[in-house]
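A.B. asks: Sharing a structure with you now.
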Amino acid sequence: MPPPTSVTYDQAQATVAPLSADEIRRLREVQSEQARAMATPGITAVPRISAQTVSLQPGASLPLVRTAVNWPATVSFIDSTGAPWKIMGTPQSGSADIEVKWIPGASFMVITAKRDFVSTLVTLGLDGLPVPLQLSVVSGEPDTAKKTWTVDARLDLRVPRRGPAAAADAPSPSRIGLHDDVLQAFLDGVPPTGARRLKTTGSVPDTTVWQQGDDLYIRSRADIRDEFDTTLSSADGTHLWKLPVTPRVAFSVDGHTEALNIALE
């Protein structure tokens, strides 16, 4: 049995190690649980890539950018033909809790939320566009009990004008379906109910064909050679064409004409 300790030793031990080993282990467990709770996000973010056409008309609704803490949103700008449209000057945020970063000469910016449940405006100008653009930015809905929140991982905003980088041979404005939700749905790869995907053959890569009624909707990165009714393009160079049902469509692939054969139903 160890000899009894002195009062001075007991006082020193209480000062140096006031807690027992078991008490320290229990405190560490409590700290770990608190750290895990603090690291758990209040909402679960669901990232999406989407596109929409901006309205420049007075009284129109502002484009909505959805973001969240740790989930920055990349917003790119294209013209009616799908060509990139450069940002002119530094975009301005109305809140210190919504940060905007932009590289001079780029056609996109990155919006980062520093705090949840912030709502503000971001204002910017595009090269050659006479009016500024305002975007509504939110980092969650404070008046909802939802545990999931869709965020715009990438949002392509289409301005209904021809920008400085528009190709000279781009389709005429009357053939571009800027406000056609059906075209946009096919371009996003989410066809409307009732559309049937058709089988194809031919050397035209990255091409998908759907039929809806008496029309074909063709999504491709290649350039079409045949006539079409309307078209729509995205920021990544993907095009969507609407045309009457036909078993064969010609495309330009690497400077050569290639036929896409379509198995009609």
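First residue of the sequence shown? That's 0 in numbering that gives the first Met the number 0, and the numbers climb one at a time after it. In this text, a Cβ means the ideal position worked out from N, Cα and C, and glycines have one as well. Remember, predicted model here, so these are calculated numbers, not experimental data.
Thinking C-beta only, is Phe107 closer than 8 Å to Ser138?
C.D. replies: No, the Cβ-Cβ distance between Ser138 and Phe107 is not below 8 Å.
A.B. asks: For a test of the three-state rule: what should DSSP assign to Val29, helix, strand or coil?
C.D. replies: Helix at Val29.
A.B. asks: Could you round the C-beta distance between Glu257 and Leu197 to whole angstroms and report it? I think they count as a contact, below 8 Å.
C.D. replies: Going by Cβ atoms, the distance from Glu257 to Leu197 rounds to 17 Å, so no, they are not a contact pair.
A.B. asks: Bridge partners for His269 per DSSP, in chain order?
C.D. replies: Residue 269 cannot be examined here, being either before or after the span of the chain that is shown, 0 to 264.
A.B. asks: Per DSSP, what kind of secondary structure is Ile102 in: helix, strand or coil?
C.D. replies: Coil.
A.B. asks: Which same chain residues, not among the five before or five after Val203, have their C-beta less than 7 Å away from its C-beta?
C.D. replies: Same-chain partners within the cutoff: Ser219, Ala221, Phe250, Val252, Glu257, Leu259.
A.B. asks: Take Ile77 as the anchor and find which of Asp168, Arg157, His255, Pro163 has the nearest alpha-carbon.
C.D. replies: Out of Asp168, Arg157, His255, Pro163, Arg157 has the C-alpha closest to the C-alpha of Ile77.
A.B. asks: Along the chain, where does the beta strand (DSSP E) containing Ile42 start, and where does it finish?
C.D. replies: First-last for Ile42: undefined, no H or E at that position.
A.B. asks: Would a C-beta distance cut-off of 8 Å place Thr80 and Ala167 closer than the cut-off?
C.D. replies: No, Cβ-Cβ distance for Thr80 and Ala167 is not below 8 Å.
A.B. asks: Could you tell me if Asp151 is buried or exposed, where buried requires 16 or more neighbouring beta carbons within 10 angstroms of its beta carbon?
C.D. replies: Burial call: buried.
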